[in-house]
Amino acid sequence: MTLRQAQDGGAIEAPRSRPVADRTRRVNWEKWGWLYMRFSGVLLVVLIFGHLLVNLFLGSGVSAIDFAFVAGKLANPFWIVWDTLLLWLALIHGANGMRTLTNDYARGRLRIVILVALAGATIVLLALGTLVLTTFDPCIGDPTTDALIEVCS
Amino acid sequence: MSSQAARSGAATAVTIRAPKRPAGTLYRGREGMWSWVLHRITGTAIFFFLLVHILDTSLVRLNADAYTNVIATYKTPIMGLGELALVAAIGLHALNGLRIIAIDFFSWGTKYQRVLFWVVIVLWVLLMLGFAPRHLMHVFGGE
Chain D
-17 MTLRQAQDGG AIEAPRSRPV ADRTRRVNWE KWGWLYMRFS GVLLVVLIFG HLLVNLFLGS
43 GVSAIDFAFV AGKLANPFWI VWDTLLLWLA LIHGANGMRT LTNDYARGRL RIVILVALAG
103 ATIVLLALGT LVLTTFDPCI GDPTTDALIE VCS
Chain G
272 MSSQAARSGA ATAVTIRAPK RPAGTLYRGR EGMWSWVLHR ITGTAIFFFL LVHILDTSLV
332 RLNADAYTNV IATYKTPIMG LGELALVAAI GLHALNGLRI IAIDFFSWGT KYQRVLFWVV
392 IVLWVLLMLG FAPRHLMHVF GGE
């Protein structure tokens, strides 16, 4: 008799039943994580392809990117919302994916160390990125384009 | 068992050799397995780029010149090729991610998962054919 059968009074469970410990827990975090990967994934397809289209494809692509380019984009609240969504959805999606790989391939203390580092890096970068997006100042350097000169004069 | 059975004189003993490699299944060595492998590799690569990309973009809050200088390295030939690889990884991860969602939420997704893998590959090739020439011109064709 296995432990699980003993806990259930010896009854044999239906195939693929969740372990007893899981069923008594109130929130099934793994389920919500699983759902998050799929729903954030759909949104990220739109957000990242839009990001790549504007920054790498349209106009002069990567060769046009500099401070003025970013300042021009972030002057529009639309892009602040877009980039903030991108930051949170993508970083949590990525970190949760790396958590899955860590759980698959790392064991013991190494696994704990990687998971803690992952959580730490995620929290720090979410805070940093959000701070940058919400406190952005287009007049931080010498204005180099007409649009910036007008805004900053 | 077979050699022992043959020595013991069983008239009908037939030697069945163990295959050198495990036999394939519906999954192993097929489209399902390789899409899983590619999803993990591309996901890991994109994650580490994302860490660096958040840090370099954060320079826009500190110093305009520092940001412009750092982003200038993104325009060099080696980084330009790196961006091509990045877009390739993102395109594959995104398209295969949609395939995973179709498999998980719809019965037709599971039924046609193998066809969907090749649909992903075809769409990905078309995406790269559209992106690569234009991006390489931006990187190697001057301003």
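Line by line, the protein sequences are chains D and G.
Everything in the first sequence is counted per the numbering used here, starting at -17 for the first residue and increasing by one.
Everything in the second sequence is counted per the numbering used here, starting at 272 for the first residue and increasing by one.
Note that the Cβ used here is the ideal one computed from N, Cα and C, for glycine as well.
- D:Ser45 belongs to the set of residues whose beta carbon lies under 8 Å from a beta carbon in chain G.
- With a cut-off of 8 Å on Cβ pairs, the stretch 291 to 308 of chain G is not in contact with the stretch 328 to 340 of chain G, counting fewer than three such pairs.
- Membership of D:Cys134 in the alpha helix (DSSP H) is indicated by the continuous run Asp128 to Cys134.
- The beta carbon of D:Gly111 is closer than 7 Å to those of Leu69 in its chain, skipping five residues each way along the sequence.
- Neighbours of D:Gly76 in chain G, taken as residues whose beta carbon is under 8 Å from its own, are Gly314, Ile317, Phe318 and Leu321 in chain order.
- Among the CB atoms of chain G, one or more fall inside 8 Å of the CB of D:Val24.
- When C-beta distances to chain G are compared with 7 Å, the residues of the stretch 38 to 65 of chain D below that value are Leu38, Phe39, Ser42, Gly43, Val44, Ser45, Ile47, Asp48, Phe49 and Val52, in chain order.
- Below the 8 Å Cβ cutoff, chain G contributes no neighbours of D:Arg89, its closest Cβ being approximately 18 Å away.
- Short of 8 Å from the beta carbon of G:Gly368, and not among the five residues preceding or following it, lie these beta carbons of its own chain, in chain order: His310.
- One alpha carbon belongs to D:Ala72, the other to D:Ile(-6), and they sit about 42 Å apart.
- Within chain D, no residue has its CB atom less than 7 Å from the CB of G:Val341, the nearest being about 10 Å off.
- Any Cβ of chain G closer than 8 Å to the Cβ of D:Ile105 would place that residue at the interface, and such an atom is absent.
- Of the candidates D:Ala(-4), D:Thr117, D:Gly123 and D:Arg0, D:Thr117 places its Cα closest to the Cα of D:Pro59.
- Counting other Cβ atoms within 10 Å of its Cβ, D:Gly76 reaches 16 or more and is therefore classed as buried.
- Residues of the same chain with a CB within less than 6 Å of the CB of D:Thr66, apart from the 5 flanking positions on each side, are Leu115 in chain order.
- Around the beta carbon of G:Thr313, 16 or more other beta carbons lie within 10 angstroms, which makes this residue buried.
- In this structure, the alpha-carbon of D:Leu100 lies about 8 Å from that of D:Arg81.
- Under the Cβ distance rule, D:Thr127 does not count among the residues neighbouring chain G, no pair being separated by less than 8 Å.
- For chain D, the residues of the stretch 354 to 378 of chain G that bring a beta carbon within less than 8 Å of one of its beta carbons are Glu354, Val358, Ile361, Ala365, Gly368, Leu369, Ile371, Ile372, Asp375 and Phe376, in chain order.
- Taking all protein chains shown into account, D:Asp48 has 16 or more neighbouring C-beta atoms within 10 Å of its C-beta and is therefore buried.
- Around the beta carbon of D:Gly123, a 10 Å sphere encloses 16 or more other beta carbons of the protein chains shown; the residue is thus reported as buried.
- Distance from the CA atom of D:Leu40 to the CA atom of G:Ala365, rounded to whole angstroms, is 20 Å.
- With a cut-off of 8 Å on Cβ pairs, the stretch 380 to 394 of chain G is not in contact with the stretch 337 to 344 of chain G, counting fewer than three such pairs.
- The stretch 404 to 412 of chain G and the stretch 24 to 44 of chain D touch, with no fewer than 3 CB-CB distances between them shorter than 8 Å.
- Collapsing the DSSP output to three states places D:Thr84 in a helix.
- Non-local beta-carbon contacts of D:Glu12 in its own chain, meaning distances under 6 Å to residues more than five positions away in sequence, are absent.
- Between D:Ala103 and D:Ile96, the C-beta gap is not smaller than 8 Å, which leaves the two residues out of contact.
- For the pair G:Val393 and G:Leu363, the Cα-to-Cα distance works out to about 10 Å.
- The DSSP-derived three-state label of G:Gly412 is coil.
- The straight-line gap separating the alpha-carbon atoms of G:Met304 and G:Leu321 is approximately 26 Å.
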